[in-house]
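Below: the structure, in structure tokens.
2 protein chains.
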Amino acid sequence: MQPLDITEVARRSGVPASTLRFYEEKGLIASIGRRGLRRLFDARVVDRLALLALGRASGFSLDEMSRLFAGNGRSRIDRRVLAAKADELDGTIKELTAMRDGLRHAVGCRAPSHLECPTFQRLLKAAAAGKLGARRKKAL
Amino acid sequence: MQPLDITEVARRSGVPASTLRFYEEKGLIASIGRRGLRRLFDARVVDRLALLALGRASGFSLDEMSRLFAGNGRSRIDRRVLAAKADELDGTIKELTAMRDGLRHAVGCRAPSHLECPTFQRLLKAAAAGKLGARRKKAL
DNA sequence: CTGCCACTTGAAGTCGACTTGAGGTCAAGA
DNA sequence: TCTTGACCTCAAGTCGACTTCAAGTGGCAG
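Protein chains in written order, with the numbering used here: chain A, 205 to 344; chain B, 205 to 344.
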């Protein structure tokens with residue numbers, strides 16, 4: 205468990221050094237010392253970063269996460285919060301599935317214009333109703 | 205097909221007037237005239253807004269959409285683009301499904317810490333590998 | 001001992017999609 | 001005619017998660 209310098213952490217985790225500094229400032233990770241100016245991290249920070257990546261991918265914000273597993277590395281994450289996130293994801297998945305099916309239908313649909321296709325119109329209605337209003341960022 | 209004033213469009217579509225002005229500025233919708241200062245819209249703008257909502261929910265950016273169905277209201281949307289988006293959604297859905305299953309597992313898992321559970325660790329690894337790195341915004 | 005240069009800091013900039021605010025205008029009701 | 005108040009314009013602000021920049025520092029090779 206020898207300390208890793210920030211560049212090494214960046215290399216191992218794929219997280220840019222600027223982001224590591226940012227995360228430290230936010231209290232999401234902690235350095236264990238310095239060599240000169242240079243931050244040193246415990247090797248376990250790599251797991252921690254993986255956990256953060258997981259959280260981000262699940263839709264947690266950085267603020268949520270700093271509240272959720274504050275301080276202790278061996279975070280005991282509240283199972284209810286996890287379950288709630290899983291449910292939220294479930295909803296999102298349903299929406300996106302509807303979207304995807306609708307889009308695929310539109311691809312093959314022979315109506316003169318998408319706007320005249322009943323299936324597409326159902327999609328539109330759903331979208332307009334805000335049911336499908338999940339604003340997503342692009343995947344990596 | 206009598207013109208609707210901006211407030212009426214906002215009421216019918218659920219889209220705030222400020223957003224309608226913003227969309228017009230971006231060329232995503234067009235007003236057909238004014239009554240005094242007040243914009244007037246063709247009633248079909250409501251369908252257009254539904255289409256825009258659909259696009260947003262599918263992951264199109266506003267810029268993409270203004271390029272995609274520029275000008276013509278009766279937009280003939282390129283089927284290849286639609287298919288590509290559907291595929292993209294498919295990928296996202298797979299990722300989120302993996303996330304959800306992992307989270308659910310973590311909820312019930314009896315390992316002393318999530319970090320010691322093999323299933324959770326697989327998730328972490330996947331997340332760290334960036335496979336699950338889809339950055340999403342919260343649903344409405 | 002000297003330079004190099006990757007690291008340091010704090011502040012500012014970026015991106016997308018809007019929202020908010022200040023100050024102005026005009027159709028309609030009293 | 002006057003007032004009201006919702007709309008108008010244009011500029012600036014917001015939010016989250018970072019990235020970039022300018023200026024400074026210090027470990028280490030030569």
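Ideal placement from N, C-alpha and C gives every residue a C-beta, glycine not left out.
From residue i to residue j, what does the alpha carbon distance come to, in whole angstroms?
i, j, result
"B/Ser222", "B/Glu228", "10 Å"
"A/Leu255", "B/Leu256", "35 Å"
"A/Asp305", "A/Gly312", "11 Å"
"A/Ala315", "A/Asp251", "52 Å"
"B/Thr301", "A/Arg284", "19 Å"
"B/His318", "A/Ile281", "8 Å"
"A/Glu268", "A/Leu293", "16 Å"
"A/Phe397", "A/Glu320", "Only positions 205 to 344 of chain A appear in the structure, and residue 397 of chain A is not among them; the question remains open."
"A/Asp209", "A/Val249", "11 Å"
"B/Arg260", "B/Ala247", "21 Å"
"A/Ala330", "B/Lys298", "22 Å"
"B/Asp291", "B/Val219", "28 Å"
"A/His303", "B/Arg215", "One detail in the question is off: residue 303 of chain A reads as Met in this sequence, not His. Going from the Cα of A/Met303 to the Cα of B/Arg215 covers about 25 Å."
Given residue i, which residues of its chain have a CB within under 6 Å of its CB, disregarding the five upstream and five downstream residues?
i, result
"A/Lys289", "Ser262"
Please check the pair residue i and residue j, which I expect to be a contact at CB under 8 Å, by giving their CB distance rounded to whole angstroms.
i, j, result
"A/Leu286", "B/Ala310", "5 Å"
"B/Pro207", "B/Ile236", "6 Å"
"A/Leu327", "B/Leu258", "6 Å"
"A/Ser217", "A/Leu253", "5 Å"
"A/Ser157", "A/Gly231", "This structure cannot settle anything about residue 157 of chain A, because the visible part of chain A is limited to 205 through 344."
Residues in the same chain with beta-carbon distance under 7 Å from residue i, minus the five sequence neighbours each way, listed in chain order, please.
i, result
"A/Thr211", "Ala221"
"B/Arg238", "Leu244"
"A/Val213", "Leu224, Phe245, Val249 and Val250"
"A/Gly277", "Residue placement at A/Gly277 is flagged as unreliable, the pLDDT there being 48, under the threshold of 50; a coordinate-derived value is accordingly withheld."
Determine the DSSP secondary structure at residue i, reduced to helix, strand or coil.
i, result
"A/Gly259", "helix"
"A/Ala221", "helix"
"B/Phe264", "coil"
"A/Gly295", "helix"
"B/Phe245", "strand"
"A/Asp209", "strand"
"A/Gly237", "strand"
"A/Phe324", "helix"
"A/Asp305", "helix"
"A/Leu232", "coil"
"B/Ala315", "coil"
"B/Phe226", "helix"
"A/Asn251", "According to the sequence provided, residue 251 of chain A is Asp. The question's Asn does not apply to it. DSSP places A/Asp251 in helix when its eight states are reduced to three."
"B/Ala214", "helix"
Within its chain, find whatever has a CB closer than 8 Å to the CB of residue i; leave out the 5 residues flanking it on each side and keep chain order.
i, result
"B/Gln325", "Leu319"
"B/Thr323", "Gly306, His309, Ala310 and Cys313"
For residue i, is the beta carbon positioned less than 6 Å from some heavy atom of the ligand FMN?
i, result
"A/Pro322", "Among the ligands in the structure shown, none appear at all, so the ligand FMN cannot be discussed."
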